[in-house]
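The next block holds one structure in the form of structure tokens; read it before the comments.
Residue numbers (the working numbering): 586 to 1238.
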């Protein structure tokens, strides 16, 4: 056989070669197929490459797509189907949200004008310290090893001055346990909630170190100016979380917990401090048990749980299960809503504990297996659904629904059954779940950024129905208060240059409250300076009946925003002599804001048209057409007789 013949045979063999996964079972579950594909990396390299390009998890999209912002992660809602699912979905499976949000409005008076945002100021101090620490590290990296330190004897160490400065600066770390991109100290239930006392509604909201209780008209969405009662935790003790249950209020600061009781005497409300707890490590979460309402759960940074009995004012502590190598950003919280167990939620796991024995009987930590980006999806918020056997929890990019039913005999374990991609810029820190429409529930997510508000509706009868859910809803993002500011400035409102509103409206969000009102839902948001705004969710057909007055309301609200005047100082003077001669004076009669290139439409009256016809100001060709009526024919249609005449003799003629 010649050398050319061998080449031809080799080419034929290559053309005839096909890559077929013969060992794969088409009827096997998807997880089994994926395991086989991952195990056959060397055998079926082409098949594994195709699998990797389509459904394999990735680290992050930031390095590969630099122009794409990190939070813009594409993802459709995912759903777990039953074993007898045929692989198809019905028409309209992906639904749009049935309601629409009106532009937000402000309902509170402006306070704390000259104060700074405590949420971001805390992070700024840490960032400044980290930047300076990086500069010190660069200086030390350029120094030779001999100059760093040298032992003169057993007791004396000679080292350069820079090393001493670094050691002294390292001890000035404002918070050795905090290195996160968001302030997780404020995560949890938030600092705003509504209570009812003797048929009257009150709004509880915390600002800095003070708790305020104000009269609130929920149907008119009005907050009275005068507060009913206040409670001050002390200087530099900012309130991070506020909760309430049966006339009991609990406040969480960084190192202290305050338990208060509401008393009503002669129509007046007073607050009594029942207990004060203190810890060397920061507290991470507090919550009242929804079933046993006299139980308060308190968690610290080291996964230590304290169960407080409000009636006896006693508590017992327990070390929760969890493997952590460092206490830095080690956030967690405990939620109790069932009779027999409570739920411990950490950044990477969810654990169920028996209330009688305080022992863990089920643990789920498969978060990295159900996300597309495995490097930046940590749990930051969680809340039970209307059916307490279901749990919603949110991460950097997604919202998940978990089935908490557990049966040791049937080997039923915790599993995630739904996933949405919320598209928020920051991690969600607040969540609210309420009833919505028929057999549905409304899930509202909010982060600490003022534009991050996400709404999702879902089926509430998922566990009781006998068939799979027929549709999933795409997450809906309501408009933000910054959009109202832009529209107001287009109307020449909110244009006070000495008191700009951007920084005030961009203040961090610290509270979320959802109120149902007939067919509408009001979403209230509280920022760290005490400003309360609300969105109104209503059916889309009802939006035409509402007048949009959000810009006028914002303009009236901003009139009270007068910051302390500051003297302007000239820092530098630019030389503009080369362009000074080219400047021209604007005429006094020039109208600013008028678009000269806009062509105005000339509107003639009927009288002007008749006068133009009588005076023969119209072209003669147009005058010939003018007197013709619409019923007169203006073309010769004799040729059409060839097609519509039935008599052959007439055609011959």
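Backbone N, C-alpha and C fix where the C-beta goes; we use that ideal spot for every residue, glycine too.
Beta-carbon proximity of residue 884 to residue 866, cut-off 8 Å: no
Nearest-angstrom Cβ-Cβ length linking residue 1086 and residue 1143, presumed shorter than 8 Å: 6 Å
Length of the line joining the Cα atoms of residue 756 and residue 748: 13 Å
Alpha carbon of residue 1019 to alpha carbon of residue 752, nearest angstrom: 52 Å
Straight-line Cα distance separating residue 774 from residue 651: For residue 651, the pLDDT reaches just 45, beneath the cut-off of 50, and the residue's location in the model is therefore unreliable, although a value from the coordinates is still provided. Straight-line Cα distance between these residues: approximately 35 Å.
Delimiting residues of the alpha helix (DSSP H) encompassing residue 791: Where residue 791 is concerned, there is no enclosing alpha helix (DSSP H), although the beta strand (DSSP E) it sits in stretches over 785–792.
Host alpha helix (DSSP H) of residue 750 (start-end): 746–755
Spatial distance of residue 765 from residue 869 (CA atoms): 14 Å
Cα-Cα separation, residue 949 to residue 1024: 28 Å
Local conformation of residue 650 per DSSP, three classes: The pLDDT assigned to residue 650 is 44, lower than 50, so where the model puts this residue is not dependable; a value taken from the coordinates is nonetheless given after this. Note: residue 650 maps to coil in three-state DSSP.
Integer Cβ distance of residue 776 from residue 794, believed to fall under 8 Å: About 11 Å; that fails the 8 Å criterion.
Span separating the alpha-carbon of residue 900 from that of residue 835: 15 Å
Opposing strand residues paired with residue 1095 [DSSP bridges]: Answer is none; residue 1095 lacks a bridge partner.
6 Å Cβ shell around residue 686 - same chain, five flanking residues per side excluded: 1063, 1120, 1122
8 Å CB neighbourhood of residue 997 in its chain, flanking five on each side removed: 990, 991
With 16 other Cβ atoms within 10 Å as the buried cut-off, status of residue 1156: exposed
Beta-bridge partners of residue 1031, as assigned by DSSP: 1015, 1038
Where residue 1012 falls, given that 16 or more other Cβ within 10 Å makes a residue buried: buried
Nearest-angstrom beta carbon gap, residue 818 and residue 838 [assumed within contact, 8 Å]: 6 Å
Straight-line Cα distance separating residue 1081 from residue 881: 48 Å
Residue interval of the alpha helix (DSSP H) (run including residue 894): Note, residue 894: premise wrong, no alpha helix (DSSP H); beta strand (DSSP E) at 889–894.
Proximity of residue 1114 and residue 702 at Cβ, strictly below 8 Å: yes
Best match in 796, 805, 825 for proximity to residue 814 [C-alpha to C-alpha]: 796
Cβ shell of residue 750 (< 6 Å), same chain only, five flanking positions each side left out: none
Residues of its chain near residue 1279, where Cβ-Cβ distance is below 8 Å and the 5 sequence neighbours each way are ignored: Outside the modelled stretch of the chain, which goes from 586 to 1238, sits residue 1279, for which no answer is possible.
Residue 1191 to residue 1133 span [Cα, whole Å]: 37 Å
Sheet register partners of residue 979 (DSSP bridge): 966, 984
Backbone secondary structure at residue 1216 - three-state DSSP: Low per-residue confidence applies at residue 1216: pLDDT is 48, beneath 50, and the placement is therefore not dependable, though the value from the model is reported in the following sentence. Of the three classes helix, strand and coil, the one that applies to residue 1216 here is coil, per DSSP.
C-alpha distance - residue 1030 paired with residue 1039, whole-angstrom precision: 5 Å
Three-state secondary structure (DSSP) of residue 923: coil
Same chain, Cβ closer than 6 Å to residue 769, neighbours up to 5 away in sequence not counted: 916
Host beta strand (DSSP E) of residue 1118 (start-end): 1117–1124
Buried versus exposed, by CB contacts within 10 Å (16 or more), residue 927: buried
Nearest to residue 1003 (by Cα), restricted to the options 614, 620, 666, 657: 666
Residue from 1034, 681, 720, 614 with nearest C-alpha to residue 671: 614
Nearest candidate by alpha-carbon position, reference residue 583, set 970, 679, 810, 712: Lying outside 586 to 1238, the shown extent of the chain, residue 583 is not represented and no answer is given.
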